[in-house]
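Colleague:
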Amino acid sequence: MRLKIRYTLMSATAVILVINLIIHRNASTSTFTLLSLLSLEGEGEKVDLVRNRHQGRYHNNGTNHRATLDLMPKHLREIAIGGLPVTITAEEFRKHPKMKTGNPLIDTYGENDAFLSGERGRGVTFVDKEKEAAMTLQREFNINVMASDVIPLNRMVPDSRLDGCEKLTYDHDLPTATVVLPFYNEWPSLLLRTVYSLVNRTPRHLLWEILLIDDCSTMAELGKPLDQYLQDFFPRDLVRVLRMPKREGLIRARMEGWKKSNGDVVVFFDSHMEVNIDWLQPLLTEIKKDRRTVPMSVLDYINQDTLEYRFNRGYLNRYGFDWRLVFFETFFRDDQIGPTPQSPRPGAMMVGAAFAIDRKYFGELGGYDTGMKVWGGENLEMAWRVWLCGGRLVHLPCSHLGHVARAQPYIFPEGRRNIEMFNYKRAILVWMEDQHKEFVYNYSPEMKGLDVGDVSDRLALKEKLQCRNFTWYMDNVWPELSVYNQDVQAWGSLVNKASEKCADNHGYLFQAPADLYTDSCHFLYNTQGFSLAKSGLLRTTLQCVVVKEVIIGGRPKLEDCITGPRDQWNHTKEGSLVHLSSKMCLDEDPNGPVMRSCDRNRTSQHWKFTHYVTR
Ligand SMILES: [Mn+2]
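Take 1 as the starting number for the sequence shown in the UniProt record's numbering and just add one per residue.
What follows is the structure, encoded as structure tokens:
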């Protein structure tokens, strides 16, 4: 059965996101995803309504809602070589692509009944009493774990890749990969579905091993029962668990996995993912061409409420950040699209997981900064370091990974915000020049005095690797983000003389045209930071002020500076801002900024920046 609720749900999400952008424009820890807005179009509703979750052939855990690791359905367990454990080794598994393992979830992959709950990437939703039980668990785990328990561990997912990817062929001879997958109290069936998807959808000869790094989970199922399950149902040494002796956080857990890995390449994973078709080969192909390339996959969204595998055909996410160090999704510029749409595209920023890196190169680059805590900020730091120290970060349109979009079940003992501040500060102390740091401190003044320990070894690394400076990164990799005081005539906040209000972008992060506002001045650059470039562009954090409707009374807009119109402005001695091509002036009325015929006597046409450079 299918439910037709998607459009309502997604509209609600879009509205909430927009409201979030408006109301919580000062929220520093939010991640803004453009896909939530785009999901209004898509592949159509795909949710199975489950009335009795025990009727499915693949239900995982009997009557107990806390999943045990008795995840193999009984009748399949009996088929599995007479109840004996899988005995082939990882080496045999890699050498013989057709060899049976004895585990039906591997040996019969692709042959599941298409109508099993949640098969083919469909979602699952419960009714009646089960719905209540599912919601109770979901409140605890931030995800519908009961849905996860009824969905086949080896389900197929729809091919979400860009059109044309299916025609590409890859060398047989590629570097091998170790998947490093840290987890903390991950729901067992989510963790195992991640593993099954890797085993079933990765060419065997390329998958050297999967290292699960247990960061001191407290769920009993993730202890001995997990070891036993992996030993019984996977080729020997293909999937291993490393246990951290104490809670170290994601960053140090990843480092531990890297140290213990044996593949040519390390791929960092999350514990609630499902890989798509031929996900690994595009990444390895780029590393084979140049070991200093750090390729990233495209993330698809597994819905946390239903576990539906969602994607937008043709949509590719590019990541960026602003001076708050808020991470967001954005578009590629036309000049970043390679010779074919499937070619790698340069990346400015990365997510924590879903990237591959040559194992030795990762070491040469200095791994992660293990002075950072738990997680957060390591993705910024790694992206900067890769670019600044001779590497290259790319997005691969043909490598897709499904990821459950929810907060990590990680606990931040000192509070999430404090951990972020700590990690961000370590990153900016090493990489940013003073002028850039000031923009970060402008939004997070508490970061300025924060003691984050010694970063001298990271600075020594920067020296040793002869890394470029941050200005190079801003000029070449992330020119979308305004360095307010660089190559400008004036910068800071832009105050209207009549109303004494400041021009404001309402924290807008995307490239599509948006409105320009005026608000009470708070002088924080994040929303009230503007500059008049020497080139005449009137810029705010991520956009330029442009005039789209060239009429008296038209409202000026914000639009991407790089590929959008490059309107020029002249700032007169009297304080007018003259839009050069239309000869109109920026004015303000009760509804906000507006374009009018220039009148030097109207004080509402007089604007003043807080800093002037050339006059
Ligand atoms: Mn995650």
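The C-beta atom is built at its ideal place from N, Cα and C for all residues, glycine as well.
Got a sec? Which residues, its chain only, sit under 8 Å from GLU446 by beta carbon, not counting five neighbours each side?
Modeller: MET421
Colleague: Residue range of the beta strand (DSSP E) that GLU496 falls in?
Modeller: With the sequence shown as reference, residue 496 is identified as Asn, and Glu is not the correct amino acid for it. Per DSSP, ASN496 belongs to the beta strand (DSSP E) from 488 to 496.
Colleague: Can you find a C-beta in chain B that's less than 9 Å from the C-beta of VAL294?
Modeller: Note that chain B does not occur in the displayed structure, where there is just one protein chain.
Colleague: Could you compute how far the alpha carbon of residue 616 sits from the alpha carbon of GLN435?
Modeller: This structure cannot settle anything about residue 616, because the visible part of the chain is limited to 1 through 615.
Colleague: Could you have a look at ILE88 and say whether DSSP puts it in helix, strand or coil?
Modeller: coil
Colleague: With respect to 8 Å, is the separation between the Cβ of HIS403 and the closest non-hydrogen atom of ligand 1 below this value?
Modeller: Checking the Cβ of HIS403 against ligand 1 gives yes.
Colleague: Figure out for me which residue from TRP208, VAL294 and VAL594 has the closest Cα to the Cα of ASN262.
Modeller: TRP208
Colleague: Name the DSSP bridge partner or partners of THR330?
Modeller: DSSP lists ARG318 as partners of THR330.
Colleague: Would ALA498 be called buried (16 or more neighbouring beta carbons within 10 Å of its own) or exposed?
Modeller: exposed
Colleague: Taking just the CA atoms, how far does ASP519 sit from THR603?
Modeller: 17 Å
Colleague: By Cβ distance below 6 Å, which residues in the same chain neighbour THR330 in space, the five residues on each side in sequence not counted?
Modeller: Answer for THR330: ARG318 and GLY320, listed in chain order.
Colleague: First and last residue of the alpha helix (DSSP H) that includes ARG139?
Modeller: 128 to 141
Colleague: For LEU222 and LEU181, which I take to be in contact (beta-carbon distance under 8 Å), what is that distance rounded to the nearest angstrom?
Modeller: The pair is not a contact, with the Cβ atoms about 13 Å apart (cut-off 8 Å).
Colleague: Just grab the DSSP bridge partners of HIS611 for me.
Modeller: TRP491
Colleague: Counting beta carbon pairs with one atom in the region 238 to 256 and one in the region 180 to 198, are three or more of them shorter than 8 Å?
Modeller: By the C-beta criterion, the region 180 to 198 is judged to be in contact with the region 238 to 256, since at least 3 inter-stretch pairs fall below 8 Å.
Colleague: Specify the secondary structure class of ARG240 as computed by DSSP and reduced to three states.
Modeller: strand
Colleague: Which parts of the region 352 to 401 are runs of the alpha helix (DSSP H), unbroken and 4 residues or longer, counting only runs that do not cross its ends?
Modeller: 359 to 364 and 378 to 388
Colleague: State whether the region 382 to 401 contacts the region 277 to 297, with contact taken as three or more CB pairs (one from each stretch) at a distance under 8 Å.
Modeller: yes
Colleague: With hydrogens ignored, establish whether the beta-carbon of ASP278 is closer than 8 Å to any heavy atom of ligand 1.
Modeller: no
Colleague: When DSSP builds the beta bridges, which residues end up paired with SER531?
Modeller: TRP491 and ARG539
Colleague: Hey, PRO152 and GLY118: beta-carbon distance below 9 Å or not?
Modeller: The answer is yes: Cβ separation under 9 Å.
Colleague: Are there three or more Cβ pairs, one per stretch, closer than 8 Å when the region 224 to 242 is compared with the region 354 to 374?
Modeller: no
Colleague: According to DSSP, is ASN526 part of a helix, a strand, or is it coil?
Modeller: helix
Colleague: Using a threshold of 9 Å, state whether the C-beta atoms of TRP569 and LEU537 are closer than that.
Modeller: yes
Colleague: Closest to PHE268 by CA distance: which of ALA177, LEU558 and CYS502 is it?
Modeller: Minimum Cα distance to PHE268 is reached at ALA177.
Colleague: List the endpoints of the continuous beta strand (DSSP E) containing ILE302.
Modeller: Counting along the chain, the beta strand (DSSP E) containing ILE302 begins and ends at 293 to 302.
Colleague: Buried or exposed, going by whether 16 or more other CB atoms sit within 10 Å of the CB of LEU307?
Modeller: buried
Colleague: In angstroms with no decimal places, state the Cα-to-Cα distance between ALA194 and ASP587.
Modeller: Reading off the sequence shown, one finds Thr at residue 194, where the question assumed Ala. Straight-line Cα distance between these residues: approximately 56 Å.
Colleague: Under a three-way DSSP split, which group does HIS24 fall into?
Modeller: In this prediction, HIS24 has a pLDDT of 32, which is less than 50 and means its spatial position is unreliable; what the coordinates show is noted afterwards. In the structure shown, HIS24 falls within a coil segment according to DSSP collapsed to helix, strand and coil.
Colleague: Do ASP214 and VAL239 have their CB atoms nearer than 9 Å?
Modeller: no
Colleague: Determine the burial state of LYS373: buried for a count of at least 16 other Cβ atoms within 10 Å of its Cβ, exposed for fewer.
Modeller: Flag for LYS373 reads buried.
Colleague: Taking C-alpha atoms, which residue in VAL86, ASP335 and GLY352 lies nearest to PRO344?
Modeller: The closest CA to that of PRO344, considering only VAL86, ASP335 and GLY352, is found on ASP335.
Colleague: Measure from the alpha carbon of TYR525 to the alpha carbon of each residue in MET244, GLY121, LEU580 and PHE609, then state which is nearest.
Modeller: Per the Cα distances, PHE609.
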